[in-house]
Amino acid sequence: MNEREYVTFKIGTQVFGASVSEIHDVFRPSNTTTVPLSAPEIAGVLNLRGRIVTAIDGRARLGLPPKDKDDGRTLAIGVERDGESFGLIIDEIGEVLRLDADSLEQNPVNLDPVWASVSRGVHRLDNRLLVIMDIDRMLSPPGGDEVAAAA
Amino acid sequence: MGVKMDDLLREFLTETADSLEVIDTELVRFESDPDDKDTLNNIFRLVHTIKGTCGFLGLPRLEAVAHAGETLLGLFREGTLKVTPEAVTLVLDSIDRIKALLGHLAAEHVEPEGNDRDIISRLEAHAEGGLSGVAGGAAVAAAAPPAAPVSAEPDFSEDPELAQAAGATTGRWDPDQQRYLRPGEVSMAELEAAFLATEGPAEIKNAKPTETEEGEGRKGAISTNATIRVNVDVLENLMTMVSELVLTRNQLMQMLRTVADSEFKAPLQRLSGITGELQECVMKTRMQPIGSAWKKLPRIVRDACQDLHKKIELVMEGEATELDRQVLDLIKDPLTHMIRNSCDHGVESPEDRIAAGKPETGTIKLRAYHEGGHIIIEVSDDGQGLKTERIRQKAVEKGIVDPLEAHGMTDAQVHRLVFAPGFSTAAQVTNMSGRGVGMDVVKTNVELIGGTIDLRSRRGEGTTFSIKIPLTLAIISALIIGVGEHRFALPQLSVLELVRAGPQCEQKIEFIKNTRVLRLRNRLLPLVSLEGILGLSMDGSEPQADELAYIVVMQVGDTRFGLIVDQVFDTEEIVVKPLSKRLGSVAQYSGATILGDGAVIMILDPGGVAKSISNLETTMRRVNQEEASRSSGDYVSGEKTTLLLFSAGGEEPRACPLNLVTRLEDLDATTFEMTQRGPVVQYRGRLMPLVHAAGTHALKNEGRQSILVFSQGESVIGLAVDAILDIVEDNLTIQLSDMTQGVLGTAVLKGKSTEIIDISYYLNQADQGWAEAAAAGERKAKRQRILLVDSHPFFRNMLAPLVNAAGYDVVVAESLEDAQTKLARGSVFDAVLADTDHPSKMDQFQAIVAQGGNGPVIPLSSKSEAPSTVLGPAVPKSDRYALLAALDSALRSRGEAA
């Protein structure tokens, strides 16, 4: 069996999975400074143990409405990429799953192009669908590839 | 091989790059003093070492070239060959070739294909010429050239970069003339090679031995230096960690401040002190003497002298001045270009110098010193100075400035045009500096590292360029400012001063069109709000004149402007962290930093901020460029009027009071329409009649037309002028003129006789029909009568049409006595506007006015900060809005009372 380990998390109501190896840590973002003129999905910058982290709002990136009210339970997934620190803001963190890579299915063709651009595929679990997230794409500005995906 | 070999190779590259730099400098010195055996020995030893190491590492091409060079040097040493400039040039050529080969080696880890027969045969030919006893420049020279063609081009097909570099090396030798042809290009190759070669470990070492040390330092200099090589990455890492330590320290200190008594206090004090020292030490490891960036310069000057047949001595001062290695790297190229520029354009030919009564040898002086957290680098020459008129002419030809603007510029302003993009001063493009790289590139590079550049020049005496750069880029002094909830850091280098503006303050924010301006010491400063720039507010909203704000006065290049912010907190030393790639596209930021309280804030990029205000009024820019040539401090107390200077139908300036002007516009002339009543233009949803100050025929048909917009009640009128020149505040002494229509008189402004135009004349000209028709409906059936009392003809002429245009009938009196006569005639005035020239008589005057059942007396003052009078606060004459508002409210209250 070709097993992979995934960290699962929720953005909105959807459960996503990301490869454990891609995730540096999970932290509670605090004291985030918003950056005027930045792209809408950039939640701001914050100080995480002396490093400057650029926070990406998962909901905004996926075109979801913002959270009703801040319940103080916001979490972020820390990712190191090209020597830079990023934090992907999520709603809830879940368990770590071991899944067979062979059971990964392709994105449904009618998937929203923005979602399709950040999804590597879908795992069918017993009671829900797990979308495997391409963290790199998720942290990149939305653009070119989505248009291509939509076409 | 693998890792081990790589390490050896890297070590070799670094060491050799150092040696080659020394050789360059030493050779130039040797050439001027061929008897200096020590210098020659040093050169010989260095070349010999290179040769030896190459043999050991198995680098045949390098070894062969070094060997040929060493042989020639050996003959110098034995005294069998005479030292001639040609011979030295030949050795320098071989050094260049070695550099090019090293460059390839650094990039590819192998020697390039091909051979170096060309340069080796030349070296050998020269050496043989010496050995055969025909030691003499001419004979050797004759022997050398044929070798070059025979050797043909070296095979560089494998590596285009090297081919280019080497091509330049060979190409600059002119066999017929026995001199360099294109030294500029060689230096490029040299820079390229050196750049590649120094990619390895950092060059951490002491300042190069100074002249005095050389005697004993020579033999054991390298071995006895108490230095080690450390990888730059290690240093960078160290720096980052210290920065974080400093932040943590700051956090702790801040926490402790709120605790009254704590046992942690003493140890934390100590920790704080140590952290500070550590930070300083780590900063020092990044520091390098500026001399290391100057090593190539003697060679460049030498090459330039040969090429240009000039005699130039390069004097360097302050080589030991230290600055951050990152800054050092970035300043190298601009400096090289400036030195070339001085050689080429600055210093004259020996003949010209002698003719001008100067010593035959010119001097270029390079000087570096610290000044308040910055380093100043000066490049000065004792050459011909800048040709002001030539630059002016050139700038106009190239369309950098328009002729009128150029005409009005001071010499210093004209000189600064050499920094304008697309400007090249050389009448004749030469190889030296005519390579498309102008001073504008130098300026851009300097500004890129947060520096500034300026120059001063005197015809016949020379030119001095001075560069001011920060010591380090890693830690900068920044002003922390606030807008709404946001805080930002603004690099202190571009901040000139802080001004508080508001109703209670000395300074007030004023408006021209929708542009906010600040009158600051006789100059108009364009203002922008940071809120607007960052899209935090609707900047288009109705601006308020009475807002209270902090204004950060900033200078970026030539642009001076004020940034409106809500709060100013503090100046802090901040550690600059690079911007995330996701934020890199926002030009307004240059980085981010962590403050003492742990919050991350963005660092504003002054250049980016300045760019986002590029839509400022042209006038503002011109005002900014305006040198503060007027002497300050010797103001004569008295009436001051702010005047707008412009030109129309001639070069002599004309003027009108600025406060009469509603707006300044720059309109597309093709949108002008001709009607029977004259030219008009669609302006803000209605037709605006136009009149040109030099006659309607002077109105442009195409391009942009500068327009002064005047409001008359509800209608607007445009007065077209050729160009807006300046804004001056001056004591106005008008010589009245009765001769010319449309001219009130002349006054001397900025040392020039200036016509003060009669605006009412032009307005009436444009007004006929138009404004009448537009305003007639709105004018009240019964016009109110106003008595205007002013002893000053200028103000009478200025205010009467203004009040008239606002819909009142105006009777003018020259004095209080005159006014009394007019009052005595029995006419009743709804209001009296009176100048408070004679405050003592005002009481009595008011009594007379009141007796006749007239309206209130509104006191006027010619001062802009209106004084209080017995009749209440006076209204400034220069403020047309305040005046009309006061009149309106006075009449209204009279109406209500009645």
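Chains E and F, in that order, give the protein sequences.
The numbering of the first sequence is my numbering, which starts it at 4 and goes up by one.
The numbering of the second sequence is my numbering, which starts it at 116 and goes up by one.
Glycine included, C-beta positions come from ideal geometry on N, C-alpha and C.
Quantities reported herein were computed from a predicted structural model and do not represent experimental measurements.
Backbone secondary structure at residue i - three-state DSSP
i      : result
F191/F : helix
T503/F : helix
C169/F : helix
S875/F : helix
E126/F : helix
S22/E  : strand
V701/F : coil
C458/F : helix
Q109/E : coil
N781/F : Here the sequence assigns Asp to residue 781/F, which means Asn is not the residue at that position. D781/F: strand per DSSP, three-state reduction.
N774/F : helix
M803/F : strand
N50/E  : strand
K583/F : strand
P606/F : strand
S464/F : coil
L640/F : strand
T363/F : helix
Straight-line gap, residue i to residue j (C-alpha atoms, nearest Å)
i       : j      : result
T355/F  : R631/F : 42 Å
V85/E   : I55/E  : It is worth fixing the name first, because residue 85/E is Asp in this sequence and not Val. Straight-line Cα distance between these residues: approximately 14 Å.
A896/F  : G647/F : Any answer about A896/F is weak, because its pLDDT of 42 lies below 50 and its placement is not dependable; what the coordinates show is given next. Taking the straight line joining both Cα atoms gives about 45 Å.
K473/F  : L481/F : 20 Å
G47/E   : E126/F : 44 Å
A471/F  : Q670/F : 39 Å
G381/F  : L362/F : The sequence shown places Ala at residue 381/F, rather than the Gly named in the question. Computed Cα separation, rounded: 19 Å.
A523/F  : E562/F : Position check: residue 523/F holds Gly in this sequence, whereas Ala was assumed. Cα-Cα distance, rounded: 27 Å.
D28/E   : G218/F : 43 Å
F909/F  : G722/F : 44 Å
G184/F  : L443/F : 31 Å
R468/F  : G461/F : 11 Å
E130/F  : L220/F : 14 Å
V1061/F : G970/F : Summary: the structure shown does not reach residue 1061/F, with chain F confined to residues 116 through 1013, and so no result is reported for it.
Y798/F  : G818/F : 17 Å
K425/F  : R697/F : 52 Å
Which residues DSSP lists as bridging residue i, in chain order
i      : result
S122/E : M136/E
T578/F : D496/F, S572/F
P794/F : M789/F
D151/F : Per DSSP, none; premise fails for D151/F.
R615/F : Y665/F
E201/F : Looking at the DSSP assignment, E201/F forms no beta bridge with any residue, so it has no partner.
E6/E   : D103/E
F89/E  : T57/E, V82/E
Amino acids of chain E, ordered along the chain, whose beta-carbon sits closer than 7 Å to that of residue i
i      : result
M717/F : V38
K692/F : I55
L649/F : P39, L40
L362/F : G53
Neighbour list for residue i in chain F, Cβ cutoff strictly below 8 Å
i     : result
A42/E : R697
Neighbouring residues, chain E, relative to residue i (Cβ below 8 Å)
i      : result
G244/F : Those do not exist, as G244/F stays about 57 Å from chain E at its closest Cβ, beyond 8 Å.
H601/F : T36, T37, P39
9 Å Cβ cut-off: residues of chain E touching residue i
i       : result
Q1031/F : For residue 1031/F there is no data in the structure shown, the boundaries of chain F being 116 and 1013.
H182/F  : Within 9 Å Cβ-Cβ: nothing; H182/F doesn't reach chain E, min ~45 Å.
E359/F  : R52, G53, R54
Contact belief for residue i with residue j at Cβ below 8 Å, rounded distance in angstroms
i      : j      : result
F534/F : K558/F : 4 Å
V95/E  : F12/E  : The displayed chain sequence assigns Glu, not Val, to residue 95/E. With a Cβ gap of about 6 Å, E95/E and F12/E count as contacting.
I872/F : A808/F : 6 Å
R401/F : L350/F : 6 Å
T36/E  : L49/E  : 7 Å
E6/E   : L102/E : 7 Å
Interface partners of residue i on chain F, CB under 9 Å
i      : result
V48/E  : S695, L698, A707, V715, I716, M717
P144/E : R697, S700
E87/E  : P693, S695, K696, R697
I45/E  : S695, R697, L698
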